[in-house]
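Peer 1:
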Amino acid sequence: MNVQQRMRMGVTVIDVAKEAGVSRTTVSNVFSGRAKYSEETRAAVMAAAKKLGYKPNLAARSLITNQSRLIGLILPSYVDTNTLTNSPFYNIIMDSVYAVLRDEAYYDLIIFSVPNRDKLSRVSEWIDARNVDGILVIGEFDQSFLKDLDSKSVPVVLIDNYSRKNFVNFSYVNSDDETGGYLATQRLIARGFKRIALCAVDLAGPLMQKRYEGYKRAVKEAGRKEYIFDTSNTPFEAGMHFSDMLIAQQYDAAFCTEDMVAVGLLHGMLKKGVKVGKDFGLVGFDNIHIGKQVYPELTTVDQSIFEKGETATKTLLKILKKTSALGSRLILPVHLVSRETA
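The opening residue of the sequence shown carries number 95 in my numbering; numbering runs sequentially from there.
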């Protein structure tokens, strides 16, 4: 029977197995992701399926395995359409999650953005209704919400979350934020700048506190004073606002805890004729693309955002495939990217 005849009759797992030269069980496991096979075996199965036009019935498979093949991604309340437009960080994370799931055997991603802190109960209802296999959570959430999430007995990987409580079903992926803050500030000190401000949006959050701790360590080692500027504006607007204050109070450098804050500050400084990189030192944190597109180019801390999303997603999939245990806390390294502003 040729390929065209098989396709007209309906291709089965048995057909794919024969074409690939493997067992029926191997084909099922490759598509379900239940077992680990060599890349050669996986490629042979996928090539055979493509050749024969085989597409697994995901609804039927879900009933048999009690797996929805759905991964949930939860965004915090402060991430709205405006945030996604103005802060590339979340888009990069989502792109990395999609990239990993695209290479996996039929996992789909559904995204839920919490409209406000009063609506966290809706997330719980959403998880129950969707029957997700695993969850990725970005950012900080109330401890009561995390406790409720933990009670679902669904594997969860948190990105950029510094919860100190030991939850049963959670794993964590963070950047080395404290070291990043230290490297950024140390760079400004090494370049001879004296009055170095820390410029942040919502500094009280645990993530920004880590970056502040790095700044604090560096200025203390150098015998310098701390100068803290904090606001709740959007990052770019915050940077513009900070530029006025820093010029008025004669600061000569700033470490911004996000690149978009640094870009806003750079914009404000240039409008007022300040020679950034010469008369004023500036270092950001993130290493998003805009840092290379502005002039002068932004010196920044690279936290490998895409890799962070990839690592979190792969960690979750390993947990679902039972090749990794819950409870891991991964700290990804950061490094300074030297450009023109410091």
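For glycine and all other residues, C-beta sits at the position ideal for the given N, C-alpha and C.
Candidates Glu401, Arg433, Ala419, Met302: which alpha carbon is nearest Ser76's?
Peer 2: For the chain, the structure presents residues 95 to 436; residue 76 sits outside this window and is missing.
Peer 1: Using the rule of at least 16 other Cβ atoms within 10 Å of the residue's Cβ for burial, across every protein chain shown, is Ala298 buried or exposed?
Peer 2: Exposed, because fewer than 16 other Cβ atoms sit within 10 Å of the Cβ of Ala298.
Peer 1: For Asn263, verify whether its CB is less than 7 Å away from any heavy atom of the ligand NAP.
Peer 2: Among the ligands in the structure shown, none appear at all, so the ligand NAP cannot be discussed.
Peer 1: Please name the residue or residues paired with Ala82 in a DSSP beta bridge.
Peer 2: Here the chain comprises residues numbered 95 to 436, so residue 82 is not present and cannot be evaluated.
Peer 1: Grouping DSSP H, G and I as helix and E and B as strand, with all else coil, what is Arg285?
Peer 2: Coil.
Peer 1: Fully enclosed by the stretch 265–320, which beta strand (DSSP E) runs are 3 residues long or longer?
Peer 2: Runs found: 290–295.
Peer 1: Report the residue from Pro182, Lys149, Ala143, Ala111 whose alpha carbon sits nearest the alpha carbon of Ser398.
Peer 2: Nearest C-alpha to Ser398: Pro182.
Peer 1: Among the residues of its own chain, which have a CB less than 6 Å from the CB of Val322, if the five just before and after it don't count?
Peer 2: The sequence shown places Ile at residue 322, not Val. Within the same chain, Ile322 has close Cβ partners Leu292.
Peer 1: How would you call Ser269, buried or exposed, if buried means at least 16 neighbouring beta carbons within 10 angstroms?
Peer 2: So Ser269 counts as buried.
Peer 1: Cα separation between Val250 and Leu414?
Peer 2: One C-alpha to the other measures close to 10 Å.
Peer 1: Using the C-alpha atoms, what's the distance from Asn263 back to Asp346?
Peer 2: Near 46 Å, if we compare the C-alpha coordinates of Asn263 and Asp346.
Peer 1: Please name the residue or residues paired with His429 in a DSSP beta bridge.
Peer 2: Paired residue(s): Asp396.
Peer 1: DSSP beta-bridge partners for Leu203?
Peer 2: DSSP lists Ile165 as partners of Leu203.
Peer 1: Which of the three DSSP states is assigned to Val191 in this structure?
Peer 2: Helix at Val191.
Peer 1: Apart from the five residues just before and just after Ile283, which ones in its own chain have a Cβ nearer than 6 Å to its Cβ?
Peer 2: Cβ neighbours of Ile283 beyond the five flanking positions: Ala316.
Peer 1: What separation, rounded to the nearest whole angstrom, lies between the Cα atoms of Phe235 and Leu243?
Peer 2: For Phe235 and Leu243, the distance between alpha carbons rounds to 11 Å.
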